[in-house]
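Q: In order, the protein sequences belong to chains A and B.
The numbering of the first sequence is numbering that gives the first Met the number 0, which starts it at 0 and goes up by one.
The numbering of the second sequence is numbering that gives the first Met the number 0, which starts it at 0 and goes up by one.
Below are the structure tokens for one structure; questions will follow.
There are 2 protein chains.
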Amino acid sequence: MTANILLVEDEPAIQELLAFNVTQCGFRAIQARDVASATAEINRALPDLILLDWMLPDVPGVELARRLRADQRTRNIPIIMLTARTDERDKVMGLESGADDYITKPFSPRELMARIRAVLRRRMPQMSEETVRAEGLELSPTTHRVNANGSPLDLGPTEFRLLHFFMTHAERVYSRAQLLDQVWGDHVFVEERTVDVHIRRLRQAMEPSGMDRLVQTVRGSGYRFSTS
Amino acid sequence: MTANILLVEDEPAIQELLAFNVTQCGFRAIQARDVASATAEINRALPDLILLDWMLPDVPGVELARRLRADQRTRNIPIIMLTARTDERDKVMGLESGADDYITKPFSPRELMARIRAVLRRRMPQMSEETVRAEGLELSPTTHRVNANGSPLDLGPTEFRLLHFFMTHAERVYSRAQLLDQVWGDHVFVEERTVDVHIRRLRQAMEPSGMDRLVQTVRGSGYRFSTS
DNA sequence: AAGTATTGTGACAGTAGTGTGACAGTTACG
DNA sequence: CGTAACTGTCACACTACTGTCACAATACTT
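See below:
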């Protein structure tokens with residue numbers, strides 16, 4: 000997964016530091032010194048994530064963020080704001096402009112990387128519109144249908160999203176909180192045990208085809224979707 | 000969650016101030032005046048966070064940070080650098096050495112505490128998620144699975160954490176008290192002999208693959224995970 | 001060799017974590 | 001509207017795990 004990351008920053012020293020760290024982590028760094036060249040780069044090829052400085056020579060970074068959010072094509076590109084100001088109001092403005100996260104200068108490279116990864120991880124699942132297949136299961140996001148060994152599965156909306164998430168994130172264990180974040184959304188206020196109930200409903204729907212064994216409980220940790 | 004914080008600072012006045020603030024916030028303060036004693040403290044028991052002064056009598060703080068980052072066992076311990084210098088180059092150097100954050104003297108106690116909490120919050124949830132391998136053993140925290148020469152091991156939650164700790168802290172002997180701190184958590188009230196029982200359960204699970212020999216008893220001291 | 005300290009082991013009750021059925025409130029849709 | 005589907009929550013059942021003990025086995029001391 001070599002994501003393209005667009006760095007918009009005018010100070011050469013910081014620009015260089017960013018590029019160094021980003022490439023170090025296996026991402027591809029695309030550099031821009033101002034909003035004008037950033038826009039050009041975006042038009043050339045959509046990046047997977049934008050690291051955007053607050054202060055830029057031509058137009059404020061927030062303004063670019065707003066523009067990107069207004070455009071259908073760039074709406075879903077995650078943005079991390081890079082700002083020197085620390086007072087709360089600026090932070091809120093940065094977020095309300097559509098940034099997914101922000102980080103204040105001076106920043107620690109480790110923290111920056113952690114946030115980049117977190118944002119990318121959060122974004123990735125919703126980009127996949129392709130049909131997912133695994134172990135006789137076939138889930139198609141576009142037609143909203145699931146097949147288990149040829150016979151259709153009847154799932155509710157939540158169970159569908161849950162199964163879709165599991166199939167695109169197989170093997171890994173997810174805690175109830177993580178599943179709530181990923182499947183329900185990271186803002187909702189729902190009991191963690193609700194996850195259990197939907198897991199059960201998913202298993203119940205998968206039981207006739209014998210596929211329910213794929214949804215596994217990891218006691219003390221959460222759940223896992225696995226073919227073994 | 001009373002985290003252990005190691006304070007490495009030579010000036011007695013600041014050392015005291017740090018210790019006061021840290022304990023005030025419910026953390027346990029471990030004090031060291033130089034790199035030598037800091038290293039000794041780290042070897043005795045791994046702290047959850049290190050507050051590291053830039054200038055120290057024996058070795059520069061950055062050097063200690065680099066060393067800690069190079070060692071497998073201490074790689075994931077968050078470090079906050081404490082520095083009087085404010086010019087940008089020093090900051091970058093401090094961060095590239097692997098510090099998670101830094102704070103310039105003179106600092107406000109509130110800011111210090113905020114950073115400590117932020118770093119801890121960021122660190123705590125993830126216990127080094129990388130797959131650990133040793134001698135035909137393969138433990139993956141993300142999938143929550145253990146393989147011993149290809150065949151899966153069935154471990155309870157505690158045995159899993161115990162093995163994970165051992166594999167990431169191989170060769171070294173740990174007393175029962177230290178194991179309770181590191182694997183159970185430093186707040187729990189549990190008999191020391193309980194460790195013995197879990198060691199036995201771990202060995203029992205590893206026995207079919209012949210891996211139980213890796214968990215060794217050091218009479219009078221504790222246990223050790225070793226490949227020899 | 002006996003005596004003492006330390007560790008291994010089996011059993012067991014209590015408990016935390018999970019499965020499950022039922023139900024009321026909500027939304028979707030004809 | 002009225003009905004059907006879906007959602008979130010609860011109470012209860014059930015299971016696996018935990019911590020502790022008593023006693024056996026072992027290593028060390030004198």
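A virtual CB, placed ideally from N, CA and C, is assigned to each residue, including glycine.
Give me, in chain order, the residues of the same chain whose beta-carbon lies closer than 8 Å to that of Gln215 (chain A); leave out the 5 immediate sequence neighbours on both sides.
A: Closer than 8 Å at the Cβ level, and outside the excluded window around Gln215 (chain A), lie Tyr222, Arg223, Phe224 and Ser225.
Q: Give the interface partners of His143 (chain B) over in chain A, defined as CB-CB distance under 8 Å, in chain order.
A: Using a Cβ-Cβ cut-off of 8 Å, His143 (chain B) is close to Val172, Val217, Ser220 and Arg223 of chain A, given in chain order.
Q: Relative to the C-alpha of Gln203 (chain B), which candidate in B:Gly184, B:Gly155 and B:Val217 has its C-alpha closest?
A: B:Gly155
Q: Kindly identify the DSSP beta-bridge partner or partners of Ile115 (chain B).
A: Note: Ile115 (chain B) sits in no beta bridge, so no partner.
Q: Given Asp100 (chain A), which residues of its chain have a CB within under 7 Å of its CB, disregarding the five upstream and five downstream residues?
A: Ile79, Arg114 and Val118
Q: What's the gap between the Cα of Glu128 (chain B) and the Cα of His163 (chain B)?
A: If you take the alpha carbons of Glu128 (chain B) and His163 (chain B), they lie about 10 Å apart.
Q: Which residues of the region 29 to 49 of chain B have a Cβ closer than 7 Å to any Cβ of chain A? Give them in chain order.
A: none
Q: Under a three-way DSSP split, which group does Ile13 (chain A) fall into?
A: DSSP places Ile13 (chain A) in helix when its eight states are reduced to three.
Q: Give me the Cα-Cα distance between Ala35 (chain B) and Thr141 (chain B), rounded to the nearest whole angstrom.
A: Going by the C-alpha atoms only, they are around 36 Å apart.
Q: State yes or no: is the C-beta of Ser150 (chain B) within less than 8 Å of the C-beta of Ser220 (chain B)?
A: no
Q: Could you tell me the alpha carbon to alpha carbon distance between Leu50 (chain B) and Ile102 (chain A), rounded to whole angstroms?
A: 21 Å
Q: I'd like the span of the beta strand (DSSP E) that includes Leu48 (chain B), first residue to last.
A: Going by DSSP, Leu48 (chain B) is part of the beta strand (DSSP E) stretching over Leu48 to Asp52.
Q: What alpha helix (DSSP H) runs, 4 residues minimum, are completely inside the region 132 to 215 of chain B?
A: 156 to 167, 175 to 178 and 192 to 205
Q: Would you say Arg88 (chain A) faces chain B, with C-beta separation under 8 Å as the test?
A: Note on Arg88 (chain A): pLDDT 44, under 50, position unreliable in the model; the coordinate value appears next. Not one chain B Cβ lies under 8 Å of Arg88 (chain A).
Q: Taking Cβ to Cβ, would you say Ala64 (chain B) is nearer than 8 Å to Ala98 (chain B)?
A: Yes; because the gap between Cβ atoms is below 8 Å, this pair is in contact.
Q: What would DSSP say about Val58 (chain B), mapped onto helix, strand or coil?
A: coil
Q: Applying a beta-carbon distance threshold of less than 8 Å, which residues of chain A neighbour Pro156 (chain B)?
A: Arg218, Gly219 and Ser220
Q: Give the straight-line distance between the Cα atoms of Ile29 (chain A) and Pro46 (chain A), rounded to the nearest whole angstrom.
A: 8 Å
Q: Considering only residues of the same chain and omitting the five flanking positions on each side of Ala147 (chain B), which have a CB-CB separation below 7 Å?
A: Gly135, Leu136, Met205, Ser208 and Met210
Q: Arg223 (chain B) lies in the beta strand (DSSP E); which residues open and close that run?
A: Gly221 to Phe224
Q: At the level of alpha carbons, what is the spacing between Gly60 (chain B) and Val145 (chain A)?
A: 58 Å
Q: State the Cα-Cα distance for the pair Leu55 (chain A) and Gln181 (chain A), rounded to the nearest angstrom.
A: 34 Å
Q: Would you kindly report the start and end of the unbroken beta strand (DSSP E) that includes Ile4 (chain B)?
A: Asn3 to Val7
Q: What does Ile29 (chain A) pair with, by DSSP beta-bridge criteria?
A: A:Leu5
Q: Using C-beta distances below 7 Å, list every residue in its chain close to Ala18 (chain A), excluding the 5 sequence neighbours before and after it, in chain order.
A: Leu6, Ala28 and Gln30
Q: Measure from the alpha carbon of Lys33 (chain B) to the alpha carbon of each residue in B:Asp9, B:Asn20 and B:Glu15, then state which is nearest.
A: Per the sequence shown, the amino acid found at residue 33 (chain B) is Asp instead of Lys. That would be B:Asp9, whose Cα lies nearest to the Cα of Asp33 (chain B).
Q: Per DSSP, what are the beta-bridge partners of Val217 (chain A) in this structure?
A: A:Gly221
Q: What is the DSSP secondary structure of Thr130 (chain A), counted as helix, strand or coil?
A: coil
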